[in-house]
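> After the structure tokens below, expect a handful of questions from me.
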Amino acid sequence: QQQQQQQQKETILCHQPQPLISPNTPLPPPLPNPNYSFRGRVLPTILTAFDSPEGKSRFLSSLQSNHAEAYFPLSQQFLNQMDPAYCGLTTLVLVLNALAMDPNVRWRGGWRFYGDESMLLERCCLEEERVARVGVTLEQFCGLARCQGVRVVRKRPGLKMEDDDVEDGQQQQQQQPDEAHGAKYNHSEVVEDDTTTTHYSLEEFRRDIIRAVQHPPHTHWDDTFQEEEEETTNNNTAATTISTNSAPSSPQAAAQGEGYFLVTSFARQSLDQTGDGHFSPIAAYHAPTDSCLVLDVARFKYSSYWVGVTELYEAMMPADTVSGLSRGWMLMYPPEKKEDNDNSHHKKKRGRNKEEMEGKRPAACVPLAGTGGRICAVERIKVEYCPVK
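The sequence shown begins at 88 in our numbering and counts up one residue at a time.
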């Protein structure tokens, strides 16, 4: 009976063009019982602990060079994965909260917040037990993110850029990186083709990291936003030279708040760590050592650390044993802001009141997570005509 219910869940609730997991796919075998117990793991010598003297020095330098702006929104939502195989889910929860995404259900009490990983699986075709046994693949991670409203650009080292929600102009990113990152997204243009390959180089990965840590998404819009952004844009425009190790966003992208967070999926063994595949976000970049700060969500195992960009890029190359494809990195954009043209100017002029900023709603209108309540009366219609399809 449970299997039949799960099959119905897979058929009805998946928002993707193809389900994240095919119906009737058997569960993988249970994980074996551990032979030993550990309090934690010693960080490999090729990595630099965030809280070490060298790690602190790099962070200070990153702050001074404007290469750690992503650290603040990510660290405010930093959490530990609740299951050893939940690194992908936990990373996504972290990013969703950093993006100030609204789950449209109440986690506890009256709070609309991604309180834990279970909120991602409640309306998903992925079973909790399956994820607990094998985690999620790169494709499943992106699918889960899109179901929550995040715009995702998925890349692999040595493979064609896979644009989950990107228009044709952004597919020329290697030739025109500045214009590409400021491009708008179009849900009607979906590319899911692993057979056509265009190499995404180490330099491309480095540029994406630098953009991510310098210009994270703006998620809290207030009366001073436009004024601050105009000042930032003017300062960027006034700069006459740009270091080859920096890649600030274009003025258009900055003015539109088109920043993103960067998430990596890599093979731990390639970094001399224990375990297999892992997801975590990047929070800062240190140019003198060409290293980036990984906020490792498996806090029970490894603390946050600095890793060389080259080493991390190479750690994404080994194939995932589940999908047979290499790992990669994702650019996580917030939903595109859509405002009524007639009212947008008025809203910017008067700002938002406290209730609008806090998203105040009657609790009776918002279902409680885990109760199976519908998010809205037209939920079935939204799923049927989901723009991702």
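We put the beta carbon where it would ideally sit given N, CA and C, even for glycine. Quick caveat, the model's predicted, so the values are computed rather than measured.
Roughly how many angstroms separate the alpha carbons of Gly459 and Thr177, rounded to a whole number?
As a position in the sequence shown, residue 459 is number 372, starting the count at 1. As a position in the sequence shown, residue 177 is number 90, starting the count at 1. CA-to-CA, the gap between Gly459 and Thr177 works out to about 22 Å.
> Please classify Lys242 as buried or exposed, where buried requires at least 16 neighbouring CB atoms within 10 angstroms.
Working through the sequence shown from its first residue, we reach residue 242 at position 155. Result: buried.
> Quick check on the DSSP output: the alpha helix (DSSP H) that includes Ala299 runs from which residue to which?
As a working note, residue 299 is residue 212 in the sequence shown. Note, Ala299: alpha helix (DSSP H), 289 to 301.
> Looking only at its own chain, which residues have a Cβ that is under 6 Å from the Cβ of Leu208, when we skip the five neighbours before and after it?
Reading the sequence shown from its first residue, position 121 is the one you call residue 208. Result list for Leu208: Glu215, in chain order.
> Keeping to the same chain, check which residues put their C-beta closer than 7 Å to that of Arg386; ignore five residues upstream and five downstream.
Along the sequence shown, read from residue 1 onward, the residue named residue 386 stands at position 299. Excluding residues within five positions, the ones whose Cβ falls inside 7 Å are Asn167.
> Using the Cα positions of Thr283 and Tyr420, report the straight-line distance between them to the nearest angstrom.
By 1-based counting over the sequence shown, the position of residue 283 is 196. By 1-based counting over the sequence shown, the position of residue 420 is 333. The predicted position of Thr283 is uncertain, since its pLDDT is 40 and thus under 50; no value can be drawn from it.
> Pro160 lies in the alpha helix (DSSP H); which residues open and close that run?
Stepping through the sequence shown from its first residue, residue 160 is reached at position 73. Residues 158 to 162.
> Rounding to the nearest angstrom, what Cα-Cα distance links Val496 and Glu204 in this structure?
Within the shown structure, residues of the chain are numbered from 88 to 476, placing residue 496 beyond reach of any answer.
> Within the region 376 to 451, note down every full alpha helix (DSSP H) run reaching 4 residues or more, in order along the chain.
Considered as a whole, the region 376 to 451 harbours 396 to 402, 428 to 437, 441 to 445 as its complete alpha helix (DSSP H) runs of no fewer than 4 residues, in chain order.
> When the Cα atoms are used, what is the spatial distance from Ala342 to Phe366?
The residue given as residue 342 occupies position 255 in the sequence shown. The residue given as residue 366 occupies position 279 in the sequence shown. Model confidence at Ala342 stands at a pLDDT of 35, short of 50, so the residue's coordinates are unreliable and nothing is read from them.
> Along the chain, where does the beta strand (DSSP E) that runs through Val350 open and close?
Your numbering for residue 350 matches position 263 in the sequence shown. 348 to 354 is the span of the beta strand (DSSP E), which, as asked, contains Val350.
> Counting along the chain, where does the beta strand (DSSP E) carrying Ser367 start and finish?
Here residue 367 refers to the residue found at position 280 when the sequence shown is read from its first residue. Where Ser367 is concerned, the enclosing beta strand (DSSP E) stretches over 364 to 373.
> Quick check on Ala456: does DSSP put it in helix, strand or coil?
In the sequence shown, counting from the first residue as 1, residue 456 sits at position 369. Ala456 carries a coil assignment under DSSP once its states are collapsed to helix, strand and coil.
> Tell me where the alpha helix (DSSP H) around Arg217 begins and ends.
In the sequence shown, residue 217 corresponds to position 130, counting from 1. It spans 215 to 221 - the alpha helix (DSSP H) in which Arg217 sits, taken as one unbroken run.
> Verify the contact flag: Gly127, CB atom, against every heavy atom of the ligand ATP, threshold strictly below 7 Å.
Among the ligands in the structure shown, none appear at all, so the ligand ATP cannot be discussed.
> Taking 8 Å as the cut-off, does the region 368 to 380 touch the region 144 to 162 (at least 3 CB pairs, one atom from each stretch)?
yes
> Out of Phe348, Arg293, Ser410, state which residue places its alpha-carbon closest to the alpha-carbon of Gly395.
Reading the sequence shown from its first residue, position 308 is the one you call residue 395. Closest option to Gly395, Cα to Cα, is Arg293.
> To the nearest angstrom, how far is it from the Cα of His305 to the Cα of Pro422?
Stepping through the sequence shown from its first residue, residue 305 is reached at position 218. Stepping through the sequence shown from its first residue, residue 422 is reached at position 335. Across the structure, His305 and Pro422 are spaced so that their CA atoms are roughly 11 Å apart.
> Is the separation between the beta-carbon of Val350 and that of Met444 shorter than 8 Å?
Translated into the one-based positions of the sequence shown, residue 350 becomes position 263. Translated into the one-based positions of the sequence shown, residue 444 becomes position 357. Against a cut-off of 8 Å, the Cβ pair of Met444 and Val350 comes out as no contact.
> For Ala136, does the three-state DSSP call read helix, strand or coil?
Taking the first residue of the sequence shown as position 1, residue 136 is located at position 49. The answer is strand: DSSP assigns Ala136 an E or B state.
> Within 10 angstroms of the Cβ of Phe348, are there 16 or more other Cβ atoms? Answer buried if so, exposed if not.
Mapped onto the sequence shown, residue 348 falls at position 261. The residue in question, Phe348, is buried, as its Cβ has 16 or more Cβ neighbours within 10 Å.
> Would you mind sorting Lys388 into buried or exposed? The rule is 16 or more other CB atoms within 10 Å of its CB.
To locate residue 388, count along the sequence shown from 1; it is residue 301. Taking all protein chains in view, the Cβ of Lys388 is crowded by 16 or more other Cβ atoms within 10 Å, so the residue is classified as buried.
> Pick out whichever of Thr361, Gly197, Tyr392, Leu225 has its Cα sitting closest to the Cα of Ala451.
Translated into the one-based positions of the sequence shown, residue 451 becomes position 364. Out of Thr361, Gly197, Tyr392, Leu225, Gly197 has the C-alpha closest to the C-alpha of Ala451.
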